[in-house]
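Read through the structure below, which is laid out as structure tokens, and then see the notes.
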Amino acid sequence: MKFLLRYVMPVSALLLFLGCQGRPSENPPIHLNPNMDDQPKFEAMEKSKFFLDKAAMRMPVEGTVARGQLNEDTAYFHGKDADGKFVKKAPVPYSTEIMNHGRQRFEIYCAPCHGSTGDGQGIVVKKGFMPPPSFHIDRLRQVEDGYVFDVISRGVRNMPSYAYQIPVADRWSIVTYFRALQRSQNASAEDIPESIKANLK
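Here's what the structure looks like:
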């Protein structure tokens, strides 16, 4: 018991005190193991005796691509084929899940200007801004899916680029919903499945 009171308790209290951090202090914390405090390395813009140009900071090797930035599939990442022409169809499968996601993204980023049905009469237009063209005019009904993707990515006329706000996958989802909107406003009786026609009066 005397050993516990004389040695163990004081040492435990000392370790507890040394481990308490969080209070503002201009002094560096006390580290019992300082191995990680001293890391030999070059700081930014520091000189180096190893390279002929004396610069420690080196340029990446030619052809270096950042992780996740290869973007080798031009159709998917740029909406164009190997010849630089817009792809006619989106390089993603058409599904209810993708279209519903496209609708959600459309209502966030596109509907304020283009309107919920793509008629170009969004709330921004009602406040006095220049209206964009309706999605349902012949010209836009005939453009390639890659063109629509490119407009979202790079912008056109008064419309800015949304490349930073909308990821590539979401842009294609919006393209899918764009086509669904066009189809919904220009549908005919032939577009109705036979199973549904039977229930119509």
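The opening residue of the sequence shown carries number 1257 in this note's numbering; numbering runs sequentially from there. Even glycine gets a Cβ: it sits at the ideal position worked out from N, Cα and C.
Asked                                                                                                                                                                                  : Found
Closest by CA to Val-1407, which one among Met-1301, Phe-1342 and Ala-1312?                                                                                                            : Phe-1342
Run the CB neighbour count on Thr-1320, radius 10 Å, all protein chains shown included, and call it buried at 16 or more, exposed below.                                               : exposed
How far does the alpha helix (DSSP H) with Gln-1240 in it reach, from first residue to last?                                                                                           : Past the edges of the chain, shown from 1257 to 1457, lies residue 1240, and the structure says nothing about it.
Pick helix, strand or coil for Val-1412, following the three-state DSSP scheme.                                                                                                        : strand
Between which two residues does the alpha helix (DSSP H) holding Pro-1347 run?                                                                                                         : Careful: Pro-1347 lies outside any alpha helix (DSSP H) and carries neither H nor E.
Can you tell me which of Met-1265, Phe-1306 and Ala-1425 puts its alpha carbon nearest to the alpha carbon of Ile-1354?                                                                : Ala-1425
Could you name the residues of the same chain whose beta carbon sits closer than 8 Å to that of Arg-1410, not counting the 5 residues immediately before and after it, in chain order? : Ser-1417 and Ala-1419
Kindly list the residues whose CB is nearer than 8 Å to the CB of Glu-1247, restricted to its own chain and excluding five residues on each side of it in sequence; keep chain order.  : Residue 1247 lies beyond the range of the chain shown here (1257 to 1457); nothing can be said about it.
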